[in-house]
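2 protein chains.
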Amino acid sequence: VDTIDFFTPIEGQLSSVEHMMRAQAEDRQIDLSNALDHLLSAGGKRIRPAITLLVGGLLAGDQNKLITLAAAIELLHTATLVHDDLIDGSLLRRGNATINSQWTPAATVLTGDFIFARAAKLAAKTDSVAVMQLFAETLAIIVNGEIIQLFDRQVQPGLDGYKNRIYAKTASLFELCTAASALLCPVNNQVIESMHWFGRNLGMAFQIVDDVLDYTGESSQVGKPVGSDLRQGIITLPAILYQIENPADPAMLDVISGNDLSDSRFDQLIEHIKDSGAIEKCYEIANEYIKASQQSIMGFPESTYKRSLLEILAYIIRRRV
Amino acid sequence: VDTIDFFTPIEGQLSSVEHMMRAQAEDRQIDLSNALDHLLSAGGKRIRPAITLLVGGLLAGDQNKLITLAAAIELLHTATLVHDDLIDGSLLRRGNATINSQWTPAATVLTGDFIFARAAKLAAKTDSVAVMQLFAETLAIIVNGEIIQLFDRQVQPGLDGYKNRIYAKTASLFELCTAASALLCPVNNQVIESMHWFGRNLGMAFQIVDDVLDYTGESSQVGKPVGSDLRQGIITLPAILYQIENPADPAMLDVISGNDLSDSRFDQLIEHIKDSGAIEKCYEIANEYIKASQQSIMGFPESTYKRSLLEILAYIIRRRV
Numbered sequence: 001v002d003t004i005d006f007f008t009p010i011e012g013q014l015s016s017v018e019h020m021m022r023a024q025a026e027d028r029q030i031d032l033s034n035a036l037d038h039l040l041s042a043g044g045k046r047i048r049p050a051i052t053l054l055v056g057g058l059l060a061g062d063q064n065k066l067i068t069l070a071a072a073i074e075l076l077h078t079a080t081l082v083h084d085d086l087i088d089g090s091l092l093r094r095g096n097a098t099i100n101s102q103w104t105p106a107a108t109v110l111t112g113d114f115i116f117a118r119a120a121k122l123a124a125k126t127d128s129v130a131v132m133q134l135f136a137e138t139l140a141i142i143v144n145g146e147i148i149q150l151f152d153r154q155v156q157p158g159l160d161g162y163k164n165r166i167y168a169k170t171a172s173l174f175e176l177c178t179a180a181s182a183l184l185c186p187v188n189n190q191v192i193e194s195m196h197w198f199g200r201n202l203g204m205a206f207q208i209v210d211d212v213l214d215y216t217g218e219s220s221q222v223g224k225p226v227g228s229d230l231r232q233g234i235i236t237l238p239a240i241l242y243q244i245e246n247p248a249d250p251a252m253l254d255v256i257s258g259n260d261l262s263d264s265r266f267d268q269l270i271e272h273i274k275d276s277g278a279i280e281k282c283y284e285i286a287n288e289y290i291k292a293s294q295q296s297i298m299g300f301p302e303s304t305y306k307r308s309l310l311e312i313l314a315y316i317i318r319r320r321v
Numbered sequence: 322v323d324t325i326d327f328f329t330p331i332e333g334q335l336s337s338v339e340h341m342m343r344a345q346a347e348d349r350q351i352d353l354s355n356a357l358d359h360l361l362s363a364g365g366k367r368i369r370p371a372i373t374l375l376v377g378g379l380l381a382g383d384q385n386k387l388i389t390l391a392a393a394i395e396l397l398h399t400a401t402l403v404h405d406d407l408i409d410g411s412l413l414r415r416g417n418a419t420i421n422s423q424w425t426p427a428a429t430v431l432t433g434d435f436i437f438a439r440a441a442k443l444a445a446k447t448d449s450v451a452v453m454q455l456f457a458e459t460l461a462i463i464v465n466g467e468i469i470q471l472f473d474r475q476v477q478p479g480l481d482g483y484k485n486r487i488y489a490k491t492a493s494l495f496e497l498c499t500a501a502s503a504l505l506c507p508v509n510n511q512v513i514e515s516m517h518w519f520g521r522n523l524g525m526a527f528q529i530v531d532d533v534l535d536y537t538g539e540s541s542q543v544g545k546p547v548g549s550d551l552r553q554g555i556i557t558l559p560a561i562l563y564q565i566e567n568p569a570d571p572a573m574l575d576v577i578s579g580n581d582l583s584d585s586r587f588d589q590l591i592e593h594i595k596d597s598g599a600i601e602k603c604y605e606i607a608n609e610y611i612k613a614s615q616q617s618i619m620g621f622p623e624s625t626y627k628r629s630l631l632e633i634l635a636y637i638i639r640r641r642v
C-alpha cells in the first residue's frame, strides 16, 4: 500500500501543517530550533495529521482551524516521544538519533516541555473550549498510562490491562484526532460520538499491529531486534494470547516473574509465540477493531475523504513497518 | 509581616484550592499520589493562588471558576519546579527532598508531565478560551526562558537580559494569576490590561527581592549558602549593578568568563557586592515595580481584597525568606 494514495485529498493542507510545526521554533534559541527540525525531519508518516484533516474534510470543517489542530496534535505526539525516549533511554527512533542520545536529560526535558507548550498554544488557537478540554484530557490519559507502566512494571497485564494500556498509549491520541476534528465541524453530538469511536478503534488496531510487527517485522525495517518488547519484559498481545493457551511454559513464567532469561531462551520463546497461532489471533482482533471503525463512517456519502479514510484502515492492517 | 493577614478574606477559597490540587492524584497510581502530596505539603506560601483569588474578589468574579484557576496555576508552578529541580540537579527545595533526589529522571519527568496535564485540565475547566490561551502562552514563555538559560549559559545578561529572564522565570506566572483572574470577571478590557501590569510588576519585584535574599538571607532560612547563584555562575541584579560600577574587578570578570574561582575569592566577591550599595539599589528598583503595581489597583474602591493585595505588595519588599 502506498501511503501517498490516502494523502491525495489533503496534500496542500498537510504542507501547511508541516510549515506551521516548523515555524514554532523559528524565532527561538538556535539549538532548540535545530532540534525541532531534526525531530520533524525524522518524523514518521504524519498519519495523525492526515486522519485529522480527512475527518475534517468528511465533515466539512473550517480548513484553517483543522490545520492548526493537526499541527497541535502532531506536536503533542512529538513531545511525548521526546520524553518517552528519555524515559526509556532509547538512542534511536526510526533509525535516527534521539534527542536524549545527544543532549543531557536537562536539555531533553526542556525540549519536550517546549514542544508541549507550543502544542498547547496551537490547540488554544482553535478557539474551541471543547477541543482544548479534550486536548488536556488526552495528555492526562497518555501521561497516566506511562506512569502506570513505569511504576507498576511488575504488574503484568492480562487482556483488559493490555487494552487499557494501548488505549492510553496510542488509541487516545487517534481518538483526539478524530473527535477534536469533529468538534470543529458543523455536526451534531451523535456524529461527534461516532468520530470518538472511529479514532479509538482505529488506534487500538494500529497499536496491536505495531505490537505484532515487533515479533514479525524485519529487524532492519523496524529498527530493533525481533521480540524487543518481550526482551525488555514488556508483555504485549502476542505473548498474552500465547500465555492463555500455554499457561505452564516455564520461559514465559520467568518473563512474567521478571527473571532474567538467556538470549537463546528468549529466541526460543519468541519462536514458540510466533508458531502458536497467536499472531493470527492478534490480526483477528485488530480486524475486529478495524471493522468497528469502518462502521463509524460507512453511513457518510461517498467522497475522496471517506475513500482515503477507508484506505488508511486497510493500510493499518497490511503495513509491514 | 504575618502572611496570614492577607489570606483572611479568601481563607475558605484557599482551602478549596488546596483540596482541588490534592484531589488530582487521588484515584491514581499510589507512588504518584504520594509524590503529589509530598510536593504540595512542602509547598510554599500559596502566594500565587492567594493573588489569583484576591484579584477575583476585587473584580467580583465567579468563585468556583476562580478556585479552579488558582489550583491550575499553582499546579503549573509545581510542575515547572519538578522539572527545574531535575534540570538543576537540586536535592532540596525549601529544606525538603526534591522528587529527583529520590526518584529516577524517568519518574521525575513523568511526575512533572502528569502535574502539567492536570493543570491544563483544570485550566480548561474554566470554560474560557482566553484563559486557556493565556495559560498556554505563559507555559511557552516560562519554558523558553529556561531553554535560553540552559543553552546560552555563557551569554551573561546585562540589565535588559536580566529583566527578560526574570519576566520569563517569575513575573509571567504572576501576570497569569492576575490577568487570567480578570478574564473570569465581569470587567472591560482596560481593567484586564491593568491587571496584566499589576501582576507583571509585582512579579518583577518578587524575583528581584528573591535574588537579593540570595545575597543577604540567613543561609539557614534560605536553605542554601549565601551567594549560591553567583557561585553557580548565575549573575543576578546585585552582581549586574556591582559590575556596572566596578567594570574591572578581576574576580567578577572571571565569573563572567566562566572561570573557576576558589571559595575564598567567591566569599570576598560576595562581600564586595554586598558592601557596594548594589543591594540598596536593587531594593530601589524593586520598589519602583511595587509602586507601579500599586498604581494599577489604587483606583478601585476600598475593600478587604484591595487591602490584602496592598499588604502583599508591602510583604514582597519586606520579606526575609
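As they're listed, the protein sequences go chains A and B. The opening residue of the first sequence carries number 1 in the working numbering; numbering runs sequentially from there. The opening residue of the second sequence carries number 322 in the working numbering; numbering runs sequentially from there. Even glycine gets a Cβ: it sits at the ideal position worked out from N, Cα and C.
List the residues of chain C whose Cβ lies closer than 8 Å to the Cβ of residue i, in chain order.
i	result
Leu36/A	No chain C is present in this structure, whose protein chains are A and B.
Count the other CB atoms within 10 Å of the CB of residue i; is the residue buried (16 or more) or exposed (fewer)?
i	result
Leu159/A	exposed
Met644/B	No information on residue 644/B is available, as it lies outside the stretch 322 to 642 that chain B covers here.
His398/B	buried
Lys612/B	exposed
Gly112/A	buried
Ala569/B	exposed
Val226/A	buried
Gly382/B	buried
Leu558/B	buried
Asn100/A	buried
Ser264/A	exposed
Thr178/A	buried
Asn144/A	buried
Ile436/B	buried
Ala107/A	buried
Ala344/B	exposed
Ser578/B	exposed
His340/B	exposed
Asp211/A	buried
Residues of chain A with a CB under 8 Å from the CB of residue i: which are they?
i	result
Arg439/B	Ala140
Ala392/B	The premise fails here: Ala392/B is roughly 14 Å from chain A at the closest Cβ pair, so nothing lies under 8 Å.
Ala500/B	Near Ala500/B there are no residues of chain A at all, since even the closest Cβ is about 15 Å away, more than 8 Å.
Ala492/B	The contacting residues do not exist; Ala492/B stays about 17 Å from chain A at best.
Leaving aside the five residues before and after residue i along the sequence, list all residues of the same chain whose C-beta is less than 8 Å from its C-beta, in chain order.
i	result
Val322/B	Note that Val322/B has pLDDT 44, beneath the 50 cutoff, so the model's placement of it is unreliable and no number is given.
Leu184/A	Gly56, Gly61, Asp62, Lys65, Leu66, Leu69, Thr126, Ser128, Val131
Please go through the same chain and pick out, in chain order, the residues whose beta-carbon is closer than 6 Å to the beta-carbon of residue i, but skip the five residues on each side of it.
i	result
Thr389/B	Leu443, Lys446, Thr447
Leu202/A	Phe174, Ser293
Asp550/B	Asp535, Thr557
Phe587/B	Arg552
Leu582/B	Asp575
Phe135/A	Ala123
Ser526/B	First, the amino acid is wrong: residue 526/B is Ala here, not Ser. Cβ neighbours of Ala526/B beyond the five flanking positions: Ala607, Tyr610, Ile611, Ile637.
Quick one: residues in its chain with C-beta nearer than 7 Å to the C-beta of residue i, no 5 flanking neighbours on either side, listed in chain order?
i	result
Thr401/B	Ile463
Ser624/B	Leu379
Determine the chain B residues that contact residue i at a beta-carbon separation under 8 Å, and present them in chain order.
i	result
Asp254/A	Residues of chain B passing the Cβ test: none, with the nearest at roughly 25 Å.
Phe114/A	Ala461, Val464, Asn465, Ile468
Ala248/A	Chain B residues near Ala248/A: none, gap ~31 Å exceeds 8 Å.
Closer than 9 Å by beta-carbon distance: list the chain A residues that pair up with residue i, in chain order.
i	result
Asp448/B	Val129, Gln133
Ala316/B	Lying before the first or after the last residue shown, residue 316/B is absent from chain B, which here runs from 322 to 642.
Is any non-hydrogen atom of the ligand GTP found closer than 7 Å to the C-beta of residue i, if you look at the structure I gave you?
i	result
Phe519/B	With respect to the ligand GTP, the structure shown offers nothing to examine, as it has no ligands at all.
Closer than 7 Å by beta-carbon distance: list the chain A residues that pair up with residue i, in chain order.
i	result
Gln352/B	Reading off the sequence, residue 352/B comes out as Asp, not Gln. In chain order: Phe151.
Name, please, each residue of chain B whose Cβ falls closer than 7 Å to the Cβ of residue i.
i	result
Glu26/A	Within chain B, no residue comes near Glu26/A; the closest Cβ sits about 13 Å away, beyond 7 Å.
Glu137/A	Lys442
Leu110/A	Ile408, Val464, Glu467, Ile468, Leu471
Gln182/A	Correcting the residue identity first, residue 182/A is Ala in this sequence and not Gln. Simply none; closest approach about 18 Å.
For residue i, which residues in chain B fall below 9 Å Cβ to Cβ?
i	result
Leu76/A	Within 9 Å Cβ-Cβ: nothing; Leu76/A doesn't reach chain B, min ~11 Å.
Ala330/A	What the structure shows of chain A is the stretch from 1 to 321, and residue 330/A is not part of that stretch, so it cannot be assessed.
Review point. Of all the residues that make up the stretch 78 to 108 of chain A, which are near chain B by a beta-carbon distance shorter than 7 Å?
Key: Against chain B - using a Cβ distance shorter than 7 Å - the residues of the stretch 78 to 108 of chain A are His83, Leu86, Ile87, Pro105, Ala106, Ala107.
### Contiguous beta strand (DSSP E) assignments of at least 3 residues, all confined to the stretch 323 to 379 of chain B
none
Item to complete: Can you give me, in chain order, the residues of the stretch 331 to 344 of chain B that have a beta carbon less than 7 Å from any beta carbon in chain A?
Response: none
Worksheet item: Using a Cβ cut-off of 7 Å, which residues of the stretch 221 to 243 of chain A contact any Cβ in chain B, in chain order?
Response: none
List in chain order: all unbroken alpha helix (DSSP H) runs of 4+ residues lying wholly within the stretch 252 to 285 of chain A.
263 to 275
To test your reading of the DSSP string, which unbroken beta strand (DSSP E) runs of 3 or more residues are found completely within the stretch 122 to 182 of chain A? none
*asked:* By the 9 Å beta-carbon criterion, what residues does the stretch 193 to 207 of chain A contribute toward chain B?
replied: none
Query raised in the report: Got a sec: which bits of the stretch 593 to 615 of chain B sit with their beta carbon under 7 Å from any beta carbon on chain A, in order along the chain?
Result: Shown here is that no member of the stretch 593 to 615 of chain B has a Cβ falling below 7 Å from a Cβ of chain A.
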